[in-house]
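So the sequences go chain by chain: A and B. Going by the UniProt record's numbering, the first sequence wraps up at 362, each residue one higher than the last. Going by the UniProt record's numbering, the second sequence wraps up at 362, each residue one higher than the last. Glycine included, each C-beta is placed from N, C-alpha and C at the ideal position. Notes follow once the structure below has been shown.
Number of protein chains: 2
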Amino acid sequence: MPVKLTEVARLAGVSLATASRVLNGSSRNPAADITERVRVAAEELGYVANAQAQALARSTTGLVGLVVHDIADPYFSAIAHGVQEVALKSRRQVLLAGTDFGGGDGATDGSTHSATHSAELAAVNAFISYRTDAIILATSRFLEEDPLLSRNLERYIKNGGRVVTLGATSIPHAKVISIGNFEGARDLVAALVDRGLVRFAILSGPHDRNTARSRVSGFHQALTERELTPLAVVEGEFSSRGGFNATLECLDTLEIVAAGTSLDSPLCILAANDVMALGAMTALRSRGLRIPEDVQVAGFDDIPTLRDHFPGLSTYRLPLEEIGRLAATLALEAETQTGSTVTGTVVLRESAGTTASSANGA
Amino acid sequence: MPVKLTEVARLAGVSLATASRVLNGSSRNPAADITERVRVAAEELGYVANAQAQALARSTTGLVGLVVHDIADPYFSAIAHGVQEVALKSRRQVLLAGTDFGGGDGATDGSTHSATHSAELAAVNAFISYRTDAIILATSRFLEEDPLLSRNLERYIKNGGRVVTLGATSIPHAKVISIGNFEGARDLVAALVDRGLVRFAILSGPHDRNTARSRVSGFHQALTERELTPLAVVEGEFSSRGGFNATLECLDTLEIVAAGTSLDSPLCILAANDVMALGAMTALRSRGLRIPEDVQVAGFDDIPTLRDHFPGLSTYRLPLEEIGRLAATLALEAETQTGSTVTGTVVLRESAGTTASSANGA
DNA sequence: TGATACTTGGAAAGCGCTTTCCATCTGCTG
DNA sequence: CAGCAGATGGAAAGCGCTTTCCAAGTATCA
């Protein structure tokens, strides 16, 4: 139904080839008068090139696929924003898929693990089918990648596709952006201990996610180096609710109640990411505990929404948008870079660290 | 480079037509044994259908385009999440574009207005070029649509594309999801006044956006009905920073300082959306003003991130994810529905309304 | 057993472009 | 003015599928 190139060519009185050369960038430029005629004809008919047909003919689609876990999570949406920016600049389109709804068939087969797994696989397969020029996996990788996923991506890469992951992966030839999760977690705890905190509890994310594991190891490492041991380690989802529930569980385990808490030094809850930390703060408030006087909280990522939170959340700042830009850049480049490393900085705000001494003194 | 259907057909010893019928849903199903042979061959070769070629042949792409302003904004990411969900269920892919980076050429020509305008136009044109089956415009519409945008979308619709907008539009034949912005704003203020508040200031969003205008009209309407007048109306961007700056300006105008504020009734700042409201709260804190004792704040949308905010923000809850799902559903349906209306509910939390009397009594 | 009606697999014509060749034409050089 | 390089427009062969016809095979019925 839409106008096609043939019609433009006919109206301009030139061949299909010439029209194509004029309208859709080619190495050959027809004479000025002809070019003009074609342009006018195209404008008059309202011609819009069919990208699908071009993709087929050129065997490159101008599409880049982005897989996130949950686009409504500030962590992922910040990264997506960065990806968008670069994609737009290089005139590529972004195909977005989330893995938090399961595989798509509605056949969510019990285990969350395999549901996410299959959702990721489904997303990747769709992208491969659409022949995206590159695929960015922004979701946290697993220690052991799904063999099917791995096989498909390997083949995809062999066929000229590029794959970028956040965090190490066992997928051969994928470009990886290493995030300083371990180091960051270590530095964060170090800074906190330096400020006088000694009692810690850890809210770890899903144990099968590399991101969660690295951060938790970093926490442990720093504590061990200072001869400290976490009072509790509770696992929860990478979500506000996950942080909320894990915190309640933690408080119950440690038998912390509003009254007699500020004994020596307040407990500091180390959450595996900011979203969990925010959930933790909500949980603490629900129990009438003050932050940071009674209990302190630290997160990880420094998601943009933290800007307006009160009290300010101490965290480890990752340049999320930059990570997105980097991923997109890596995804679009031919073969220059094979990877990159990103580190962040410790950011202490009111929720933990900065007021530790005053909390003690109170 | 990837395996193609011809190769599968050859290996299975059948024709191209048969292979196609077996692998990619057709109305005709070849005999069981043949089906099996083809399946095995496809599996063995690792065949993945080329969606571009299918799109060309079937003249339908299975793509739906989503235009948001800023995917990192919780309002848009919540909607996007809803769109995703429905798209996934119906095995469609989502093409995402943001308009907060300008048109893409980097030719951001001064005025924010036209930069956004052109970004939207660029996104829509790209979607049309990719022949998406539908386009969802989640960005707030303008009173007067860009004629070029309108013309292109009109043609797109005539060619069988579906267009869904959030809020009324002058684009002919677009399906629209009407959001109860005016009514919501009115109800929200009504509830606030009922709780004893009488001094209001308005943080309006960009004046050329329908969303902002409707909400502000709603605020005004409710105030007028109760013979009240806003003490100040300040325009700001639909962002945290916009709310922050507008608030500072507002405080300066009204000469509100930390000391003598709780005279009769605290000032209540009505922000055109939650993100601005959060920025407003941050601004108030930066001036040492307490919420809600000294100044109160109300927002609009009830974005998911509010869950963990303290003090809780009073707002008008819009079912954002549901709006996204609705938009996607409308976008995918043939012609059953031509639109839909969405309303929300007033939600009073600590930031305004609930503590008005106690604040007075203090 | 011959005629009629289904099934079923395959050949081939597109879907809307890009790009390789080719043919033609222009302008120079000797 | 013959001869050749370089420029320029067009014909046609794909790109990887879907789907319409067709022809051939299998039942069904009188």
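Leaving aside the five residues that flank residue 99(A) on each side, the residues in its chain whose CB is nearer than 7 Å to its CB run, in chain order, 67, 69, 116, 119, 120, 123, 139. Within chain A, not a single residue places a beta-carbon under 8 Å from that of residue 300(B); the smallest gap is close to 15 Å.
In the structure shown, the three-state DSSP call for residue 198(A) is coil. For the options 163(A), 316(A), 284(A), 244(A), the alpha carbon positioned closest to that of residue 172(A) is the one of 163(A).
Beta-bridge annotation (DSSP): residue 136(A) is paired with 66(A), 164(A).
Out of 184(B), 149(B), 167(B), the CA that lies nearest to the CA of residue 317(B) is found in 184(B). One Cα belongs to residue 65(A), the other to residue 195(B), and the distance between them is close to 50 Å.
Around the Cβ of residue 193(B), a 10 Å sphere holds 16 or more other Cβ atoms; the residue is buried. Take the alpha-carbon of residue 282(B) and the one of residue 244(B): they are about 7 Å apart. Taking a beta-carbon distance threshold of 7 Å, residue 128(A) counts as an interface residue toward chain B. Here residue 179(B) is bridged, per DSSP, to 342(B). No Cβ of chain A is located within less than 7 Å of the beta carbon of residue 238(B). Taken through DSSP and simplified to helix, strand or coil, residue 269(A) comes out as strand. For the pair residue 234(B) and residue 154(B), the Cα-to-Cα distance works out to about 36 Å. Interface annotation for the segment 278 to 310 of chain B against chain A: 278, 279, 281, 282, 285, 304, 305, 307, 308, 309, 310, criterion Cβ-Cβ distance under 8 Å. By the neighbour-count criterion, in which a residue is buried when 16 or more other Cβ atoms sit within 10 angstroms of its Cβ, residue 13(B) is exposed. Interface with chain A (7 Å Cβ-Cβ cutoff): residue 317(B) is excluded. Per DSSP, residue 124(A) has no beta bridge partner at all. For residue 350(B), there is no enclosing beta strand (DSSP E), since its DSSP letter is neither H nor E. Fewer than three pairs of CB atoms, one per stretch, sit closer than 8 Å, so the segment 270 to 277 of chain A makes no contact with the segment 288 to 295 of chain A. With respect to chain A, the C-beta atom of residue 71(B) has a partner C-beta closer than 7 Å.
In the structure shown, residue 204(B) adopts extended strand secondary structure according to DSSP, grouped into three states. Closest by C-alpha distance to residue 189(A), out of 79(A), 211(A), 129(A), 219(A), is 219(A).
Taking the beta carbon of residue 147(B) as reference, no residue of chain A falls within 9 Å; the closest one sits roughly 13 Å away. Excluding the 5 residues flanking it on each side, residue 96(A) has same chain C-beta neighbours closer than 6 Å at 66, in chain order. Using beta-carbon distances, residue 85(B) counts as an interface residue toward chain A, with a partner under 7 Å. Under the Cβ criterion of 7 Å, residue 92(A) is not counted among the residues facing chain B. Judged by DSSP in its simplified three-state form, residue 232(B) adopts strand. Per DSSP, reduced to three states, the secondary structure at residue 156(B) is helical. Within chain B, no C-beta atom comes nearer than 8 Å to that of residue 245(A); the closest sits roughly 13 Å away. Annotated three-state conformation of residue 3(A) is coil, per DSSP.
Approximately 7 Å separates the beta-carbon atoms of residue 74(A) and residue 305(B); this is inside 8 Å, confirming the contact. Counting the other Cβ atoms within 10 Å of the Cβ of residue 81(B) gives 16 or more, which makes it buried. For the pair residue 271(B) and residue 312(B), the CB atoms are not nearer than the 7 Å cut-off. In the structure shown, residue 129(B) falls within a helical segment according to DSSP collapsed to helix, strand and coil.
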